[in-house]
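To keep things clear, I will list the structure first and then write my remarks on it.
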Amino acid sequence: MPNRLRRPGPPLRFRQLHDREPQPLRPGTRESILVACPRCDGCARLVTLYSEDTPPSRTRRMHCPACGAIREEPIGLRYWLRTDCCGHVLWATGAEHLRELEDYVRSPLRERLRLFLPDRYRIARLPRWLILARHRDEVLRGLARLRRMLPTGG
Ligand SMILES: [Zn+2]
1 MPNRLRRPGP
11 PLRFRQLHDR
21 EPQPLRPGTR
31 ESILVACPRC
41 DGCARLVTLY
51 SEDTPPSRTR
61 RMHCPACGAI
71 REEPIGLRYW
81 LRTDCCGHVL
91 WATGAEHLRE
101 LEDYVRSPLR
111 ERLRLFLPDR
121 YRIARLPRWL
131 ILARHRDEVL
141 RGLARLRRML
151 PTGG
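Take 1 as the starting number for the sequence shown in the UniProt record's numbering and just add one per residue.
And the structure:
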């Protein structure tokens, strides 16, 4: 293969995983993140639904399978997946976000990868402490803790 066919950029595997255009939020889009239940402190789910009304609106509803609590339009919830790490709080919104972070931190090219990603990508905006090489092992341990906190079924 002639060299001219090679392009700079993230390795292919990473590109397949992450180099997708973020989808604009279309009517009917449903977004789900894991939050701590304000009643029992268990793992609850906050679902945001973008309506098909004009103008578009959204409704947010929290449901906790552990205690049955339901909150409409809740405020001040905190992420379920959070842990102290390197003097900061390491957090993820859910299983997919956690997987992104794991892939990224495990990649030996992570510092370089970031340079190739436009700012709109979530991992292009990671805080610096999280990608520092000297924090790598501790961050991976933190991510492993978050993984153990995932409810079964994601
Ligand atoms: Zn609860």
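Don't be surprised by glycine CBs; every beta carbon is placed ideally from N, CA and C.
Of all the options the options, which has the alpha carbon lying nearest to the alpha carbon of residue i?
i	options	result
Asp-41	Glu-52, Arg-78, Ser-51	Arg-78
Gly-76	Leu-143, Leu-46, Leu-126	Leu-46
Thr-29	Ser-57, Val-139, Cys-37	Ser-57
residue 155	Ala-36, Arg-128, Leu-150	Since the displayed the chain opens at 1 and closes at 154, residue 155 lies outside it and no answer follows.
Leu-146	Pro-74, Arg-99, Arg-61	Arg-99
Cys-64	Leu-140, Arg-39, Arg-134	Arg-39
Leu-132	Arg-106, Cys-67, Ala-69, Leu-34	Arg-106
Pro-74	Thr-59, Cys-43, Glu-52, His-135	Thr-59
Taking its Cβ as the centre, do 16 or more other Cβ atoms sit within 10 Å of residue i, making it buried, or is it exposed?
i	result
Cys-85	buried
Gly-68	exposed
Val-89	exposed
Gln-33	Strictly speaking, residue 33 in this sequence is Ile, with Gln absent from that position. The residue is buried, with at least 16 neighbouring Cβ atoms inside 10 Å.
Excluding five sequence neighbours on each side, which residues of the same chain lie with their C-beta closer than 6 Å to the C-beta of residue i?
i	result
Glu-102	Leu-143
Does residue i come out as helix, strand or coil in the three-state DSSP assignment?
i	result
Ile-131	helix
Asp-53	coil
Arg-78	coil
Leu-61	Note on residue identity: the sequence assigns Arg, not Leu, to residue 61. In the structure shown, Arg-61 sits in a strand (DSSP, three-state: E or B).
Leu-101	helix
Asp-137	helix
Arg-39	coil
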